[in-house]
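Those protein sequence lines, which keep their order, are chains A and B.
Quick note, the working numbering runs 11 ahead of the 1-based positions in the first sequence.
Quick note, the working numbering runs 11 ahead of the 1-based positions in the second sequence.
No residue lacks a Cβ here, since even glycine has one placed at the ideal position from N, Cα and C.
The next block holds one structure in the form of structure tokens; read it before the comments.
Protein chains: 2
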Amino acid sequence: MTAAKYDVLGIGNAIFDILVQTDEGFLVRHGMTKGGMALIDEERAIAVYQSMGPATEMSGGSAANTIVGLANLGARAAYIGKVRDDQIGRLYTHDIRAAGVTFETKAAADGPATGCSYILVTPDGQRTMNTYLGAAQELTSADIDAAQVAASAFTYLEGYLWDPKNAKEAFVKAAAIAHGAGRQVALTLSDSFCVDRYRDEFLDLMRKGTIDLIFANEAELHSLYQTSDFDTALTQLREDTKLGIVTRSEKGCVVTSTDGVVAVPAFPIDRMVDTTGAGDLFAAGFLFGLVRGAGHENAGRLGALAAAEVIQHIGARPQASLKELAQQNGLPV
Amino acid sequence: MTAAKYDVLGIGNAIFDILVQTDEGFLVRHGMTKGGMALIDEERAIAVYQSMGPATEMSGGSAANTIVGLANLGARAAYIGKVRDDQIGRLYTHDIRAAGVTFETKAAADGPATGCSYILVTPDGQRTMNTYLGAAQELTSADIDAAQVAASAFTYLEGYLWDPKNAKEAFVKAAAIAHGAGRQVALTLSDSFCVDRYRDEFLDLMRKGTIDLIFANEAELHSLYQTSDFDTALTQLREDTKLGIVTRSEKGCVVTSTDGVVAVPAFPIDRMVDTTGAGDLFAAGFLFGLVRGAGHENAGRLGALAAAEVIQHIGARPQASLKELAQQNGLPV
């Protein structure tokens, strides 16, 4: 095994976020399930957007947010995801490259526009997402650069990749290349409804060892094991994966591995503004800890710190230097 | 004179903002004058954007920000400005209409893309703008809807309109229609460098009575009268315009009129994040006060309140209900 060129390679749906602060009534009137991610078609996207208030736009996408967080912390990071060669695709490409991420996936020259998520942020800071996959659906296994995967210490995949038709194949191909090169593969379960859609497939990936690390929040964990009891679910997770990291919002996180179970508290915040990207940035901090050889506790603290930064402003990309924040808080960078 | 259908009609350069937080060194390395607005061509726009970090995007444009603030406060507001019918133009059109603003200017079907401003926000909250006018340059007097101008109690114009070649004519046409219908015309001086470019023309507009109200910040006022003495400049302003409103950042504002001079303090803030839109939102609050028949002092307080909201987050559009904020602070809405 040669030295890794990249610390983490992320593969995911490249999605541009259109964010608006709204009230709870909006979600009710439009039949939206609060806190979830609903897939919408173009017609519904137009209808949702027309009913939305004035918005802020920002590049997003779950794995992409994680990868940008990693680069912001100082990791060597790369990303694979599909945009269209349109104005929004160019904004997207700028943002991820400007963050220091290697991003070489060829933009689609035709077909649907760059994917967008219409994100409603309620006064409690909770986000509800309506995602039009657009060009993200065009990601295929041909977009997986084998040399890049083999050269990455971790390949980080999002559960959302199970939604677009051809991305599963890309996902499985990447995992096989990574393991063939002696690298590790991480998966975030993405969303409890996503777990509902693909529960058996995700469990199969875990149990067959296609995945080495699992990131999940409580709702996703409960959905995965169809239980409302946290300890029961955690015990099962520990059996099914070498390393499982469960985020619990203001209760911090729990890390389960062959070494045992470690709980890490949340990082204190002044005011929760927008939870968009909380899980993504937690994963960034945690993976960064692993990359730097930190123990699970310090990795969890780095995750908590990165998540705390992103929930105190609108949008899922960091607005401060996470590296400086970590240094100020005595965490390893 | 019939009752006005709109409280305020704004006419300006329709510009989409691409905002990034950066350090002072960036401005120095790229030869940018801190706090100003520099006009850039497409080649320079590409170079500036390539050197910028990951950004947040949001609709902007000085007069448009003011008009959105007015609508947010509850005024009947309309806007005239030119975008292209591209993805960014559609985001722009959505945002201004979703704010409750009547916006009917036909998007350009060809020619340059929707205008963009690349905005660098330094740690002190100051913003430095690099504006590519794009489709905004296509605004002509044919875009001025005479009935709409005649039906607006105030027509609000931005000094930046003096930059694109054909917009001056649109500006002058709108002012003539407004006065013909017995309405009032307001102008913001926009930027001290803009005043430098068009000093004599602006003074001429004021002295000929094309303009009834002038909004300026201290730097613009000093540039207009080419003096570093505030009181000297203010005395001249009082001679040249019926109503002059000068914003002074943390020192609040001064309103000069035939009734005398009134000073109003700034509104207290927790933390200055981004001054983009501070003057625009001040104008929104002040004009809203005039529309509601408030005195100059309360109009100034409304301006200070709206400015305080917008400088505490990234971007020049309000993220809270200014109407609720005003009510909470006992101001007339």
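| task | Below 7 Å CB to CB, which residues in the same chain sit around LEU301/B once its five sequence neighbours on both sides are set aside? | result | The residue given as residue 301/B occupies position 290 in the second sequence. Closer than 7 Å at the Cβ level, and outside the excluded window around LEU301/B, lie ALA310.
| field | Members of the region 53-66 of chain A near chain B, C-beta cut-off 9 Å | value | Of all residues in the region 53-66 of chain A, TYR60, GLN61, SER62, MET63, GLY64, PRO65, ALA66 have a Cβ within less than 9 Å of some Cβ in chain B.
| request: Would you please verify whether the beta carbon of ARG328/B is less than 8 Å from any beta carbon of chain A? | output: Residue 328/B sits at position 317 when you count from the first residue of the second sequence. By the rule that beta-carbons nearer than 8 Å mark a contact, ARG328/B touches chain A.
| Sheet register partners of GLY126/B (DSSP bridge) | On the second sequence, residue 126/B is found 115 positions in, with the first residue counted as 1. Looking at the DSSP assignment, GLY126/B forms a beta bridge with ILE26/B.
| For LEU298/B and chain A, any beta-carbon pair shorter than 8 Å? | For the purposes of this step, residue 298/B is taken as residue 287 along the second sequence, with counting starting at 1. Look at LEU298/B: its C-beta is not under 8 Å from any C-beta on chain A.
| request: Could you tell me which chain B residues have their CB closer than 8 Å to the CB of VAL79/A, listed as they occur along the chain? | output: The residue you call residue 79/A lines up with position 68 of the first sequence. By Cβ distance, chain B contributes PRO65.
| said: With three or more beta-carbon pairs closer than 8 Å as the criterion, would you say the region 124-140 of chain B touches the region 323-341 of chain A? | reply: No, the region 124-140 of chain B does not touch the region 323-341 of chain A.
| task | Using a Cβ-Cβ cut-off of less than 8 Å, list which residues of the region 69-99 of chain B approach chain A; keep chain order. | result | Those would be MET69, SER70, VAL79, ASP97, GLN98, ILE99, in chain order.
| field | Proximity below 8 Å, CB of GLU169/A to CB of GLY23/A | value | Locating residue 169/A in the first sequence gives position 158, counting from the first residue. Locating residue 23/A in the first sequence gives position 12, counting from the first residue. Contact: yes.
| said: One question on the structure: do VAL112/B and ALA161/B come within less than 8 Å of each other, judged by their Cβ atoms? | reply: Counting from 1 along the second sequence, the entry for residue 112/B is found at position 101. Counting from 1 along the second sequence, the entry for residue 161/B is found at position 150. Taking 8 Å as the Cβ cut-off, VAL112/B and ALA161/B do not qualify as a contacting pair.
| query | In whole angstroms, what is the alpha-carbon distance linking VAL59/A and SER239/B? | reply | Translated into positions along the first sequence, residue 59/A becomes position 48. Translated into positions along the second sequence, residue 239/B becomes position 228. Whole-angstrom Cα-Cα distance: 52 Å.
| request: State buried or exposed for GLN98/B, treating a residue as buried only when at least 16 other CB atoms are found within 10 Å of its CB. | output: To locate residue 98/B, count along the second sequence from 1; it is residue 87. Residue burial is scored here from C-beta neighbours: GLN98/B has at least 16 other C-beta atoms within 10 angstroms and is therefore classed as buried.
| said: Quick check on the DSSP output: the alpha helix (DSSP H) that includes ARG101/A runs from which residue to which? | reply: Taking the first residue of the first sequence as 1, we reach residue 101/A at position 90. Its alpha helix (DSSP H) spans residues 98-109.
| Using the C-alpha atoms, what's the distance from GLU35/A back to VAL265/B? | Against the second sequence, residue 265/B aligns to sequence position 254. Against the first sequence, residue 35/A aligns to sequence position 24. Spanning the two alpha carbons is a distance of roughly 40 Å.
| request: Quick one: residues in its chain with C-beta nearer than 6 Å to the C-beta of ILE188/A, no 5 flanking neighbours on either side, listed in chain order? | output: Taking the first sequence and counting its residues from 1, the one referred to as residue 188/A is at position 177. For ILE188/A, where only same-chain residues beyond five positions count, the Cβ hits under 6 Å are ALA157, VAL160, ALA161.
| task | Assuming LEU131/A and LEU38/A form a contact by the criterion Cβ under 8 Å, report the distance between their Cβ atoms to the nearest whole angstrom. | result | Here residue 131/A is taken as the residue at index 120 of the first sequence, counted from 1. Here residue 38/A is taken as the residue at index 27 of the first sequence, counted from 1. About 6 Å separates the two Cβ atoms, so the contact holds.
| said: Cβ closer than 7 Å: which chain A residues qualify as neighbours of ALA109/B? | reply: Within the second sequence, numbered from 1, the residue matching residue 109/B stands at position 98. Using a Cβ-Cβ cut-off of 7 Å, ALA109/B is close to MET63, GLY64, PRO65 of chain A, given in chain order.
| query | Do you know how far the Cα of TYR171/A is from the Cα of CYS205/A? | reply | As a position in the first sequence, residue 205/A is number 194, starting the count at 1. As a position in the first sequence, residue 171/A is number 160, starting the count at 1. About 7 Å.
| request: Measure from the C-beta of GLN32/B to each C-beta in chain A and report whether the shortest distance is under 8 Å. | output: If you number the second sequence from 1, residue 32/B lands on position 21. GLN32/B counts as touching chain A.
| field | Straight-line Cα distance separating LEU235/A from TYR129/B | value | To locate residue 129/B, count along the second sequence from 1; it is residue 118. To locate residue 235/A, count along the first sequence from 1; it is residue 224. C-alpha separation (whole angstroms): 44 Å.
| request: Please go through the same chain and pick out, in chain order, the residues whose beta-carbon is closer than 8 Å to the beta-carbon of SER201/B, but skip the five residues on each side of it. | output: Residue 201/B sits at position 190 when you count from the first residue of the second sequence. So the list reads MET48, SER73, GLU169, GLY170, TYR171, GLU231, once near-sequence residues are dropped.
| query | Would a check of beta-carbon distances place LEU333/A closer than 8 Å to chain B? | reply | Position 322 of the first sequence, counting from 1, holds the residue named residue 333/A. Not an interface residue.
| Are the Cβ atoms of ALA86/A and ASP18/A separated by less than 8 Å? | Working through the first sequence from its first residue, we reach residue 86/A at position 75. Working through the first sequence from its first residue, we reach residue 18/A at position 7. The beta carbons of ALA86/A and ASP18/A sit closer together than 8 Å.
| message | Please state the DSSP three-state secondary structure of ILE78/B. | response | Translated into the one-based positions of the second sequence, residue 78/B becomes position 67. Three-state DSSP puts ILE78/B in a helix.
| request: Evaluate ASP215/A with the Cβ neighbour count: other Cβ atoms within 10 Å of its Cβ, from every protein chain shown; 16 or more gives buried, anything less gives exposed. | output: Residue mapping note: residue 215/A aligns to position 204 of the first sequence, counting from 1. A residue is called buried when at least 16 other Cβ atoms come within 10 angstroms of its Cβ; ASP215/A does not meet this threshold and is exposed.
| query | Are any of the Cβ atoms in chain A nearer than 8 Å to that of HIS105/B? | reply | As a first step, residue 105/B is located in the second sequence; it is residue number 94 there, counting from the start. Judged by the 8 Å Cβ criterion, HIS105/B is in contact with chain A.
| query | Helix, strand or coil for ARG312/A per DSSP? | reply | Locating residue 312/A in the first sequence gives position 301, where the first residue counts as 1. In the structure shown, the three-state DSSP call for ARG312/A is helix.
| query | For chain B, is any of its Cβ atoms less than 8 Å away from the one on LEU102/A? | reply | Residue 102/A sits at position 91 when you count from the first residue of the first sequence. By this cut-off, LEU102/A is an interface position.
| Near HIS233/A, which residues of its chain fall below 7 Å by C-beta distance, leaving aside the five closest residues on each side in sequence? | The count along the first sequence starts at 1 and reaches residue 233/A at position 222. Answer for HIS233/A: SER239, ALA244, listed in chain order.
| In DSSP terms, what THR267/A is bridged to | Position 256 of the first sequence, counted from the start, is the residue given in the question as residue 267/A. In DSSP, THR267/A forms a bridge with GLY255/A, VAL272/A.
| What is the DSSP secondary structure of SER152/A, reduced to helix, strand or coil? | Your numbering for residue 152/A matches position 141 in the first sequence. Reduced to three states, the DSSP call for SER152/A is helix.
| query | Looking only at DSSP bridge pairs, what is ALA277/A linked to? | reply | Your numbering for residue 277/A matches position 266 in the first sequence. Paired residue(s): none; ALA277/A is not in a bridge.
| task | Check LEU345/A in the structure and name its three-state DSSP category. | result | This structure cannot speak to residue 345/A, because chain A is shown only from 12 to 344.
| said: For the beta strand (DSSP E) containing ALA178/A, name the first residue and the last one. | reply: Counted from its first residue, the first sequence places residue 178/A at position 167. Premise fails: ALA178/A lies in the alpha helix (DSSP H), 178-191, not in any beta strand (DSSP E).
| How would you call MET12/B, buried or exposed, if buried means at least 16 neighbouring beta carbons within 10 angstroms? | For the purposes of this step, residue 12/B is taken as the residue at position 1 of the second sequence. Taking a 10 Å sphere around the C-beta of MET12/B, we find fewer than 16 other C-beta atoms and assign the residue as exposed.
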